[in-house]
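*Asks:*
In my numbering, the protein residues as written are 2 to 246.
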């Protein structure tokens with residue numbers, strides 16, 4: 002059951018809700034959308050609402066969907082506990098293949114991908130050093146792959162002039178983002194995903210240069226470029242928790 006906790010003073014756009022006995026931040030985002038939507042994370046709930054809808058209606062909406070929210074929250078908590086480990090001998094999902102992580106002492110740092118192993122090399126390896134090495138390797142791949150393909154697709158769609166920059170940032174919940182100023186941001190962890198999923202993510206963000214929303218016209222533009230996009234969306238939903246470290 003959802004209960005507001007009145008002991009805490011909420012921010013202008015945040016309440017605290019009790020879900021399955023656990024207090025969770027509930028972040029409210031108002032925009033010119035026409036309907037209510039709720040997105041459940043392992044550590045918070047995001048409610049997207051029309052600008053002028055009453056708070057009472059938002060709480061009624063959450064109450065009607067409380068069983069679904071509770072179920073999704075439990076799933077997210079379980080998946081968060083399964084986040085990628087980089088310990089020697091652990092498993093990592095890379096390009097839809099489950100590979101064994103191997104630490105290999107070496108004078109020079111680097112990453113090698115074998116048939117069944119992902120080998121992380123470097124001197125005096127520790128969990129922290131392994132994380133830094135893999136992060137640098139993935140960031141280098143992202144910088145070599147994503148900007149050129151993003152610009153090529155933007156030119157193909159006739160919106161090359163609207164694309165102002167391509168940047169990279171590891172965020173908590175987003176794989177990509179496009180601003181109204183034409184700046185596209187990618188989470189470099191997407192480089193662990195299959196190439197088709199990466200290309201879908203590029204398509205998703207570039208199509209926002211055509212439509213800064215998720216309207217039917219936007220999804221039609223996505224489908225024209227990436228007819229199988231629903232398959233890639235499904236892959237991300239099923240496996241994204243295994244791409245985080």
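Glycine residues also receive a C-beta, built at the ideal position from the N, C-alpha and C atoms.
Bear in mind the structure is a predicted one, so any value in this text is a computation, not a measurement.
#1: How about residue 135 and residue 87: do their beta carbons lie closer than 8 Å?
#2: Is the region 200-212 touching the region 176-185, taking contact as three or more C-beta pairs under 8 Å?
#3: Between which two residues does the beta strand (DSSP E) containing residue 113 stretch?
#4: Taking the alpha carbon of residue 164 as the reference point, which residue from 186, 144, 143, 145 has its own alpha carbon closest?
#5: Report yes if the C-beta distance between residue 139 and residue 193 is below 8 Å; otherwise report no.
#6: Residue range of the beta strand (DSSP E) that residue 1 falls in?
#7: Please identify the residue among 50, 51, 45, 156 whose C-alpha is closest to the C-alpha of residue 71.
#8: Please confirm whether residue 41 and residue 27 have their CB atoms less than 8 Å apart.
#9: Which of helix, strand or coil does DSSP assign to residue 17?
#10: Report yes if the C-beta distance between residue 105 and residue 121 is below 8 Å; otherwise report no.
#11: Quick test of your reading: residue 29 and residue 16, contact by CB under 8 Å. State the CB separation rounded to the nearest angstrom.
#12: Return the chain-ordered list of same chain residues with a C-beta closer than 8 Å to the C-beta of residue 219, the five sequence neighbours on each side being excluded.
#13: So, with DSSP's three-state summary, where would you put residue 159?
#14: Between which residues of its own chain and residue 170 is the CB-CB distance below 6 Å, once the five residues before and five after are set aside?
#15: Looking at the structure shown, is residue 25 part of a helix, part of a strand, or coil, going by DSSP?
#16: Run through DSSP, which three-state label would residue 212 get?
#17: Can you say whether residue 189 is buried or exposed, counting buried as having 16 or more other CB atoms within 10 angstroms of its CB?
#18: Could you tell me which whole beta strand (DSSP E) segments of length 3 or greater appear in the region 124-187?
#19: CA-CA distance, residue 235 and residue 162?
*Replies:* Based on what the coordinates show:
#1: Here residue 135 corresponds to residue number 134 of the chain shown, with the count starting at 1. Here residue 87 corresponds to residue number 86 of the chain shown, with the count starting at 1. A contact, by the Cβ cut-off of 8 Å.
#2: By the C-beta criterion, the region 200-212 is judged to be in contact with the region 176-185, since at least 3 inter-stretch pairs fall below 8 Å.
#3: Taking the first residue of the chain shown as 1, we reach residue 113 at position 112. 111-114 is the extent of the beta strand (DSSP E) around residue 113.
#4: On the chain shown, residue 164 is found 163 positions in, with the first residue counted as 1. Comparing Cα positions, the closest option is 186.
#5: As a position in the chain shown, residue 139 is number 138, starting the count at 1. As a position in the chain shown, residue 193 is number 192, starting the count at 1. With respect to the 8 Å criterion, residue 139 and residue 193 are classified as neighbours on the basis of their beta carbons.
#6: Residue 1 lies beyond the range of the chain shown here (2 to 246); nothing can be said about it.
#7: If you number the chain shown from 1, residue 71 lands on position 70. For residue 71, the closest alpha carbon among the candidates 50, 51, 45, 156 is that of 45.
#8: Here the question's residue 41 lines up with position 40 in the chain shown. Here the question's residue 27 lines up with position 26 in the chain shown. If you check the CB distance, residue 41 and residue 27 do not come in under 8 Å.
#9: On the chain shown, position 16 is the one that residue 17 refers to. If DSSP states are grouped into helix, strand and coil, residue 17 belongs with the strands.
#10: In the chain shown, the residue the question calls residue 105 occupies position 104. In the chain shown, the residue the question calls residue 121 occupies position 120. It is a contact, given that the beta carbons lie within the stated cut-off.
#11: Here residue 29 refers to the residue found at position 28 of the chain shown. Here residue 16 refers to the residue found at position 15 of the chain shown. Right, the Cβ-Cβ distance comes to about 7 Å (below 8 Å), so this counts as a contact.
#12: Position 218 of the chain shown, counted from the start, is the residue given in the question as residue 219. So the qualifying residues of the chain are 208, 209, 211, 212.
#13: The residue you call residue 159 lines up with position 158 of the chain shown. Judged by DSSP in its simplified three-state form, residue 159 adopts coil rather than helix or strand.
#14: The sequence position of residue 170 within the chain shown is 169, counting from 1. Setting aside the 5 residues that flank it on each side, residue 170 is surrounded in the same chain by 186, each with a C-beta closer than 6 Å to its C-beta; the list follows chain order.
#15: Walking along the chain shown from the start, residue 25 turns up at place 24. In the three-state reduction of the DSSP assignment, residue 25 falls in the strand class, which pools E and B.
#16: For this step, residue 212 is matched to residue 211 along the chain shown. Here residue 212 sits in coil by DSSP.
#17: Along the chain shown, read from residue 1 onward, the residue named residue 189 stands at position 188. Buried: at least 16 other Cβ atoms inside 10 Å.
#18: Whole beta strand (DSSP E) segments, 3+ residues: 166-169, 177-179, 184-187.
#19: In the chain shown, counting from the first residue as 1, residue 235 sits at position 234. In the chain shown, counting from the first residue as 1, residue 162 sits at position 161. When the Cα atoms are used, residue 235 and residue 162 turn out to be separated by approximately 31 Å.
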